[in-house]
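Engineer:
2 protein chains.
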Amino acid sequence: MARRVPTGPVLGRALSILEAFGPRHTRLTLTDLARRAGLPLSTVHRLAGELVSWGALERDAAGRYSVGLRLWEVGSLAPRGLGLRERALPYLEDLSQVTHENVQLAVREGAEVVFVERIAGSRAVPVHTRVGGRFALSATGVGLVLLAHAPREVQEEVIGGPIERFTAYTVTDPQALRRLLADVRANGFAVSDRQVTEDALSVGAPIRDPHGAVVAALSLVVRHGTVSPHALAPLVLSSARAISRTLT
Amino acid sequence: MARRVPTGPVLGRALSILEAFGPRHTRLTLTDLARRAGLPLSTVHRLAGELVSWGALERDAAGRYSVGLRLWEVGSLAPRGLGLRERALPYLEDLSQVTHENVQLAVREGAEVVFVERIAGSRAVPVHTRVGGRFALSATGVGLVLLAHAPREVQEEVIGGPIERFTAYTVTDPQALRRLLADVRANGFAVSDRQVTEDALSVGAPIRDPHGAVVAALSLVVRHGTVSPHALAPLVLSSARAISRTLT
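Line by line, the protein sequences give chains A and B.
Going by the UniProt record's numbering, the first sequence runs without a break in its numbering and finishes at 248.
Going by the UniProt record's numbering, the second sequence runs without a break in its numbering and finishes at 248.
#1: Give me the residue from Thr-167/B, Leu-137/B, Pro-210/B and Gly-38/B with the minimum Cα distance to Val-114/B.
#2: Could you tell me which whole alpha helix (DSSP H) segments of length 4 or greater appear in the segment 119-158 of chain A?
#3: Measure the alpha-carbon distance for Leu-30/A versus Val-44/A and round it to whole angstroms.
#4: Hey, could you find the ends of the beta strand (DSSP E) Tyr-169/B is sitting in?
#5: Could you give the distance in angstroms between the alpha-carbon of Trp-54/A and the alpha-carbon of Arg-178/A?
#6: Since Ser-239/B contacts Gly-141/B with CB under 8 angstroms, what's their CB separation in whole angstroms?
#7: For Pro-23/A, return the contacting residues in chain B, with the cut-off set at a CB-CB distance below 8 angstroms.
#8: Is Val-125/A close to chain B? Criterion is C-beta to C-beta, closer than 8 angstroms.
#9: With DSSP collapsed to three states, give me the class of Met-1/B.
#10: Measure the C-alpha to C-alpha separation of Leu-144/B and Gly-204/B and round it to an integer number of angstroms.
#11: At least one CB of chain A closer than 8 angstroms to the CB of Ala-231/B: is that the case?
#12: Is Thr-246/A buried or exposed, if buried means 16 or more other CB atoms sit within 10 Å of its CB?
#13: If you reduce the DSSP assignment to three classes, tell me which class residue 249/B lands in.
#14: Restricting to Cα atoms, I'd like to know which of Asp-199/A, Ala-182/A and Leu-84/A is closest to Ala-168/A.
#15: Tell me, please, whether the CB atom of Ser-239/A is closer than 8 angstroms to any CB atom in chain E?
#16: Threshold first: 4 residues or longer. Then list the alpha helix (DSSP H) segments lying entirely within the segment 45-102 of chain B, N to C.
#17: On the premise that Leu-77/B lies in contact with Thr-26/A, defined as a C-beta separation below 8 angstroms, what is that separation, rounded to the nearest angstrom?
#18: Would you identify the three-state DSSP class for Arg-35/A, choosing helix, strand or coil?
#19: Are any of the Cβ atoms in chain B nearer than 8 angstroms to that of residue 257/A?
#20: Let me know if Gly-22/A comes out buried or exposed under the rule of 16 or more other beta-carbons within 10 Å of its beta-carbon.
#21: So what does DSSP say about Leu-177/A, is it helix, strand or coil?
#22: Assuming Ser-192/B is part of the beta strand (DSSP E), what are its boundary residues?
#23: Can you confirm whether Arg-80/B, when its beta carbon is compared against all beta carbons of chain A, has any partner nearer than 8 angstroms?
#24: Alpha carbon to alpha carbon, how far is Pro-174/B from His-149/B?
#25: Could you check the C-alpha separation between Gly-12/B and Thr-226/A for me, to the nearest Å?
#26: Cβ atoms of Gln-195/B and Ala-139/B: under 8 angstroms apart, would you say?
#27: If you measure from the beta carbon of Ala-2/B to each beta carbon in chain A, is any gap under 8 angstroms?
#28: Rounded to whole angstroms, how far is the Cβ of Val-116/B from the Cβ of Leu-84/B, which I believe are closer than 8 angstroms?
#29: List the residues of chain A whose Cβ lies closer than 7 angstroms to the Cβ of Ser-244/B, in chain order.
#30: Determine whether the beta carbon atoms of Val-222/B and Glu-101/B lie at a separation below 8 angstroms.
#31: Residues of chain B with CB under 7 angstroms from Ala-34/A, in chain order?
#32: Taking Arg-70/B as the reference, give the member of Leu-39/B, Gly-212/B, Pro-40/B and Glu-58/B with the closest Cα.
#33: Could you please give the first and the last residue of the uninterrupted beta strand (DSSP E) stretch that includes Leu-201/B?
#34: Going by C-alpha to C-alpha distance, which of Ser-228/B, Val-236/B, Trp-72/B and Asp-32/B sits closest to Gly-68/A?
#35: Give every residue of the same chain whose Cβ lies closer than 7 angstroms to the Cβ of Arg-130/B, excluding the five residues on either side of it in the sequence, and list them in chain order.
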């Protein structure tokens with residue numbers, strides 16, 4: 001048996017170092033890293049050295065740290081990340097080539113949406129999502145699907161607010177959001193009409209595991225006024241069902 | 001100043017737990033995890049609990065552990081992983097739609113290729129690569145490009161062998177491989193002719209950073225005998241240059 005080692009502080013600190021990185025902070029100096037992780041320089045220097053030697057972090061020629069390819073490789077084994085994305089990709093590409101619109105695949109993490117894949121349409125309305133990026137559950141097509149099928153406590157947390165407003169059309173009234181979610185469950189799909197940006201409409205549909213649980217959502221995002229949501233829904237629903245069928 | 005904590009064993013063990021996962025081992029019981037990580041059950045139980053509470057691991061209804069979405073999110077910040085892939089994707093999609101062949105994007109990690117993206121051609125020869133998967137540097141189009149531009153010691157390590165054979169056409173003779181790499185540098189692109197599977201040919205080209213260093217490679221993989229490598233090379237080279245131009 002190996003000797004028992006106190007784990008709390010060390011692992012927690014190593015994870016704080018990983019947390020210091022973000023979409024606008026992909027390369028950090030040792031000083032940035034210490035400041036953002038809230039840890040002493042000497043501690044960060046030592047832990048970052050270990051993380052570099054394993055490959056979880058990399059250092060560039062200027063001495064700045066970034067997330068390492070090795071961590072990306074391990075992350076790529078997450079069933080809800082790349083695993084889902086790999087199964088869904090052929091269907092996402094078909095949907096993209098048939099519609100030339102934006103196609104998005106997302107999962108729920110706590111009270112937020114995480115985008116797992118995004119194929120930008122070649123002549124589509126601009127969207128600002130990023131693979132690995134997060135967004136509020138209450139506004140997007142994929143978010144409304146995931147929220148409508150989330151555990152009751154997550155729904156109440158989001159409905160309890162505050163509900164973030166993005167445009168004049170964002171549903172921020174708790175009762176209106178509750179009705180919207182009931183509609184999503186009744187219709188089998190969600191429509192987000194200019195709730196995120198004034199020019200976009202998205203239609204989302206649930207992806208289910210073999211037990212029927214909603215594990216992800218798929219959406220098409222189009223320019224508002226160009227296509228009726230009811231024309232898009234069968235397309236999104238049938239693709240979402242095709243992806244669900246691969247999750248065995 | 002925080003108290004100094006011995007870091008070696010704890011962080012090392014936590015990383016061993018992450019290393020226990022693999023493409024054919026995405027969901028592991030506690031017992032599997034302990035066996036594959038080479039650690040006592042009690043240690044793994046404690047560390048896995050911490051990793052779950054942070055989101056680096058997730059547990060399913062059956063109690064099995066998998067890599068968590070949170071780790072995938074952090075991994076997605078790796079400049080050589082998703083960062084590169086996001087910049088390259090529009091060019092990869094163009095190349096895919098123009099050729100309907102397999103398009104691959106890869107980087108070097110030590111003496112191996114890591115595939116960062118792969119778009120399967122709709123009527124293309126089957127390939128067995130997986131995003132996040134690894135392969136020998138010596139055989140594929142992307143691998144030959146990355147090896148030809150690797151540091152001298154990596155080249156000597158691979159040439160020093162043993163060089164793995166996949167087909168009757170795989171170049172395994174050290175002197176022949178050395179000449180092949182010199183050709184790659186002289187021509188600016190690599191041709192792997194049936195070196196991985198008997199029916200596939202791939203043409204790879206380097207992607208360079210603003211300092212001219214080769215940081216990734218792009219390839220088209222086609223059925224052997226259907227297209228001349230010299231017809232493909234300009235297409236792969238020009239796409240690789242377009243991607244290089246985005247790396248500023």
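Cβ coordinates follow ideal geometry from the N, Cα and C atoms, glycine included.
Structural biologist: On the basis of the data shown:
#1: Counted from its first residue, the second sequence places residue 114/B at position 114. Residue nearest to Val-114/B within the set Thr-167/B, Leu-137/B, Pro-210/B and Gly-38/B is Leu-137/B (criterion: CA-CA distance).
#2: Considered as a whole, the segment 119-158 of chain A harbours 141-148 as its complete alpha helix (DSSP H) runs of no fewer than 4 residues, in chain order.
#3: In the first sequence, residue 30/A corresponds to position 30, counting from 1. In the first sequence, residue 44/A corresponds to position 44, counting from 1. A straight line joining the alpha-carbon of Leu-30/A with that of Val-44/A spans about 7 angstroms.
#4: Position 169 of the second sequence holds residue 169/B. No residue range can be given for Tyr-169/B, since it is assigned to no beta strand (DSSP E) and is classified by DSSP as neither H nor E.
#5: Against the first sequence, residue 54/A aligns to sequence position 54. Against the first sequence, residue 178/A aligns to sequence position 178. CA-to-CA, the gap between Trp-54/A and Arg-178/A works out to about 47 angstroms.
#6: Counting from 1 along the second sequence, the entry for residue 239/B is found at position 239. Counting from 1 along the second sequence, the entry for residue 141/B is found at position 141. Rounded to whole angstroms, the Cβ separation of Ser-239/B and Gly-141/B is 13 angstroms, and the two are not in contact under 8 angstroms.
#7: Within the first sequence, the letter at position 23 stands for residue 23/A. Those are Leu-77, listed as they occur along chain B.
#8: The residue you call residue 125/A lines up with position 125 of the first sequence. No, its Cβ sits nowhere closer than 8 angstroms to a Cβ of chain B.
#9: On the second sequence, residue 1/B is found 1 positions in, with the first residue counted as 1. Below a pLDDT of 50, predicted positions are generally treated as unreliable, and Met-1/B, at 35, falls in that range; no measurement from the model is reported.
#10: By one-based count along the second sequence, residue 144/B stands at place 144. By one-based count along the second sequence, residue 204/B stands at place 204. Pairing Leu-144/B with Gly-204/B, the inter-Cα distance amounts to about 8 angstroms.
#11: As a first step, residue 231/B must be located in the second sequence, where it is residue number 231. Ala-231/B does not count as touching chain A.
#12: Start at 1 with the first residue of the first sequence, and residue 246/A comes out as number 246. Exposed: under 16 other Cβ atoms inside 10 Å.
#13: No answer is possible for residue 249/B: the residues shown for chain B start at 1 and end at 248.
#14: Your numbering for residue 168/A matches position 168 in the first sequence. Distances from the CA of Ala-168/A to each of Asp-199/A, Ala-182/A and Leu-84/A were compared; the closest alpha carbon is that of Asp-199/A.
#15: The chain inventory of the structure shown lacks chain E, comprising the protein chains A and B.
#16: If only complete runs of 4 or more residues are kept, the segment 45-102 of chain B shows the alpha helix (DSSP H) at 69-75 and 84-99, in order along the chain.
#17: In the first sequence, the residue the question calls residue 26/A occupies position 26. In the second sequence, the residue the question calls residue 77/B occupies position 77. Yes, they are in contact, since the Cβ atoms of Thr-26/A and Leu-77/B sit about 5 angstroms apart, within 8 angstroms.
#18: The sequence position of residue 35/A within the first sequence is 35, counting from 1. Three-state DSSP puts Arg-35/A in a helix.
#19: For chain A, the structure presents residues 1 to 248; residue 257/A sits outside this window and is missing.
#20: As a working note, residue 22/A is residue 22 in the first sequence. Flag for Gly-22/A reads exposed.
#21: For the purposes of this step, residue 177/A is identified with residue 177 of the first sequence, where counting begins at 1. Leu-177/A falls in the helix class under three-state DSSP.
#22: Taking the first residue of the second sequence as 1, we reach residue 192/B at position 192. Residues 190-193.
#23: The residue you call residue 80/B lines up with position 80 of the second sequence. Using a Cβ-Cβ cut-off of 8 angstroms, Arg-80/B counts as an interface residue toward chain A, since at least one Cβ of chain A sits closer than that to its own.
#24: Position 174 of the second sequence, counted from the first residue, corresponds to residue 174/B. Position 149 of the second sequence, counted from the first residue, corresponds to residue 149/B. Each residue's Cα considered, the two are about 17 angstroms apart.
#25: Counted from its first residue, the second sequence places residue 12/B at position 12. Counted from its first residue, the first sequence places residue 226/A at position 226. Their backbone Cα atoms lie some 55 angstroms apart in a straight line.
#26: What you label residue 139/B is simply residue 139 of the second sequence in a count that begins at 1. What you label residue 195/B is simply residue 195 of the second sequence in a count that begins at 1. Cβ atoms of Ala-139/B and Gln-195/B: closer than 8 angstroms.
#27: Within the second sequence, numbered from 1, the residue matching residue 2/B stands at position 2. For Ala-2/B, the predicted structure reports a pLDDT of 38, less than 50, and the residue's modelled location is therefore unreliable. A value from the coordinates is still provided. So, interface residue.
#28: For the purposes of this step, residue 116/B is identified with residue 116 of the second sequence, where counting begins at 1. For the purposes of this step, residue 84/B is identified with residue 84 of the second sequence, where counting begins at 1. Right, the Cβ-Cβ distance comes to about 6 angstroms (below 8 angstroms), so this counts as a contact.
#29: Counting from 1 along the second sequence, the entry for residue 244/B is found at position 244. Simply none; closest approach about 17 angstroms.
#30: In the second sequence, the residue the question calls residue 222/B occupies position 222. In the second sequence, the residue the question calls residue 101/B occupies position 101. In contact: Val-222/B and Glu-101/B (Cβ atoms closer than 8 angstroms).
#31: By one-based count along the first sequence, residue 34/A stands at place 34. None at all; the shortest Cβ gap to chain B is about 11 angstroms.
#32: Along the second sequence, one-based indexing puts residue 70/B at 70. Of the listed residues, the one whose Cα sits closest to Arg-70/B is Glu-58/B.
#33: As a position in the second sequence, residue 201/B is number 201, starting the count at 1. Membership of Leu-201/B in the beta strand (DSSP E) is indicated by the continuous run 200-208.
#34: The sequence position of residue 68/A within the first sequence is 68, counting from 1. Taking each of Ser-228/B, Val-236/B, Trp-72/B and Asp-32/B in turn and checking the Cα distance to Gly-68/A, the smallest one comes out for Trp-72/B.
#35: Within the second sequence, the letter at position 130 stands for residue 130/B. Pro-23 and Phe-115.
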